[in-house]
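Down below is the structure, laid out as structure tokens.
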Amino acid sequence: MKRKILAILLSVTAAVTMLTGCGTSSKKEVKNTEVTASKSTEGKTPKYVFLFIGDGMSSVQINATQVYRGNNTSGQIATKPLNFTGFPAVGLATTFDATSFCPDSASTGTSISSGVKTHSGVIGLNVDKTTKPESITEKLKAAGKKIGIVSTVTINHATPAAFYAHVPSRNDYYDIAMQLPESNFDYFGGGSIYKATGDKKDKQDAYEVIKSKGYTIANKKEDIQKLDSSSNKVYAVTPVTEDSGSMPYTIDTKDGDLTLADYVSKGIDILDNDKGFFLMCESGKIDWACHANDAMSAIKEVIGLESAVQKAIDFAGKHPDETLILVTGDHETGGMTIGYAATGYNTAFNILDKQKISYIAFDTLISKKKEANPNISFEEVMPMIKENFGLIAPGDADANVEANKPYVLTSYEYQKLQNAFAESMKKADQRTKNEETAVLYGEYDPLSVTITHIINNKAGIGWTSYSHTGTPVPVYAYGASSEIFEGSYDNTDIFKKLVDVCKVK
Ligand SMILES: [Zn+2]
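Mapping of the sequence shown onto mature numbering (1 follows the signal peptide of the UniProt record, and there is no 0): residues -20 to -1, 1 to 485, in sequence order.
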């Protein structure tokens, strides 16, 4: 990447030289702020570190977002880059864990936070599931920095947990929550606590425990907005939740709701101090949307992540030689790809624009309809599909309008949708379970997953899995010592490089 920038700089110099006919004076006129910034930050020790993790985000999720925002017109095809894809240093990290080439967030989070390979499902413990590696966050806390952990999903979910907890199973949600205050970290923000009173709801409320250990818990928007560097230890909990206590999907976020960018910005307010800080910020629902094969929701999450990264870029503008920003993924989810068997070389990502809500928000809508009318028919549901996803039944009067043609269901798609509806109407434990339904629906509601498959496929997006895959992830780096994140390496090296640049032992 750096070599490419240098080559561009040289060619600009050559062009100016040719125009002016005078090499020495013209060189001074050539300015490239990106190169200047990159040179001045080489080898610098970052005082402020931002680590953004797009859960389930690999190059495909990133490029799908660039394609969606780009120009989809034939002959004018262009992507619109994201702020972080323009970072000067780019690396590629492998993600396998001790037990699988298709790893999970617990093991990959541990690799990134602590530099070790462990079993899928294990958080903050070595492969023996007993001994604890010291995480980058623990090292930096000991060195006097303030530490912040932010996530759109529940705060005791695997990725955030990998930066403050040590448990043999990611499902030990209550134990993870109990370790949150023990970390003594300065700021937790975003999602709520999953199972705050334990699996059997018989434990002391985790919020009370956290409060008793000296944390301020702010769960109203106005209280969160008031927090600043004098607030001491803080947990800012999303006032609005969606599935399992997470922040709502970006696509489902209402005007005025706090966003991931707000939690990063608030983190900066709270953590700013003379010794610096480390802020890990996870966009966790890229992964959830990709598990469900819902491309539009995943893309909107990546856009939400970009807005959060912008807060760090703005901060870096004020502290250019002392800030390091990393943006990476922990693994890929869904086996997402750009290109689908039935659409060949064609894509039409603008079709996705018709989707108004996430698959989970649609499931909630349908559930309410079913409650009101247990014998609801496919014909009664189809208008809801049209309204929220833009898909039009072949017999619909709107199907004949030229502009609607891309959204009209083929008879093959219409049949698939009807079959899915029939399955969806059965009680969950009475649904057909075989190899075919495992491929068609995974563990998702047959109707909503079929809707997103159809709209995604029409756009030219394919999926191979409802789980994680073994694709490597990019690492984008900006600022102090960002150059050491160039090249090809393993996810454990992200930790090792951070230890190196932050000069901690
Ligand atoms: Zn993950």
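C-beta atoms are modelled at their ideal positions from N, C-alpha and C, and glycine is treated no differently.
Check                                                                                                                 : Outcome
Three-state class that DSSP yields for V189 in the structure shown                                                    : helix
Where S85 falls, given that 16 or more other Cβ within 10 Å makes a residue buried                                    : buried
Coil, strand or helix - V130 by DSSP                                                                                  : strand
Short Cβ contact (8 Å threshold) for Y215 with I190                                                                   : yes
Segments of 4+ residues assigned as alpha helix (DSSP H) that fall wholly inside the region 381 to 464                : 391 to 405, 415 to 420 and 426 to 439
Beta-carbon gap between I266 and A275 smaller than 8 Å                                                                : no
Rounded straight-line distance, which links the Cα of P26 to that of F329                                             : 39 Å
Which residues DSSP lists as bridging L259, in chain order                                                            : F30 and G128
Status (buried if at least 16 other CB within 10 Å, exposed otherwise) for Q410                                       : exposed
Where T13 sits in the DSSP three-state scheme                                                                         : Here T13 scores only 37 on pLDDT, less than 50, and its place in the model is too uncertain to base an answer on.
Endpoints, the beta strand (DSSP E) within which G71 is located                                                       : A69 to T74
Test item: CB-CB of S115 and G104 under 8 Å                                                                           : yes
DSSP state of S357 mapped onto helix, strand, coil                                                                    : coil
Sub-8 Å separation of Y174 and S224 beta-carbons                                                                      : yes
Simplified DSSP state of G178, which is helix, strand or coil                                                         : coil
Backbone CA spacing between S287 and S245 [nearest angstrom]                                                          : 10 Å
Residue burial classification, V361 (beta-carbon count within 10 angstroms, cutoff 16)                                : buried
Residue nearest to A322 in terms of C-alpha spacing, selected from I57, A73, H433 and T59                             : H433
Any non-hydrogen atom of ligand 1 closer than 7 Å to D310 Cβ                                                          : yes
Ordered list of beta strand (DSSP E) runs contained in the region 257 to 340, each at least 3 residues                : 257 to 263 and 303 to 309
Cβ pair I127, K121 closer than 8 Å                                                                                    : yes
T98 beta carbon less than 8 Å from that of S87                                                                        : yes
Spatial neighbours of T16 in its chain, beta-carbon cut-off 8 Å, leaving aside the 5 residues before and after        : Because the pLDDT of T16 is 37, which lies under 50, any placement of that residue in the model is unreliable, and the question is left without a value.
Straight-line Cα distance separating A44 from T230                                                                    : 16 Å
T88: CB within 7 Å of a non-hydrogen atom of ligand 1                                                                 : yes
G467 - DSSP class collapsed to helix/strand/coil                                                                      : strand
Residues that DSSP places opposite N212 in a beta bridge                                                              : None, per the DSSP bridge assignment.
Contact test: D480 Cβ vs ligand 1 heavy atom, cutoff 7 Å                                                              : no
Distance cut-off 7 Å: S85 Cβ against heavy atoms of ligand 1                                                          : yes
Alpha-carbon spacing of E359 relative to A400, whole angstroms                                                        : 13 Å
Option nearest G71 by Cα separation, candidates K477, P454, T196 and Y394                                             : P454
Of the listed residues D182, E188, N273 and G309, nearest to G36 (C-alpha basis)                                      : G309
Inside the region 36 to 116 only - beta strand (DSSP E) runs reaching at least 3 residues                             : 69 to 74
Distance CB(F475)-CB(S93) smaller than 8 Å                                                                            : yes
Residues of its chain near T451, where Cβ-Cβ distance is below 6 Å and the 5 sequence neighbours each way are ignored : S38 and E312
Close Cβ partners of T74 (< 7 Å) along its chain, the five nearest in sequence each way excluded                      : P452, D470 and N471
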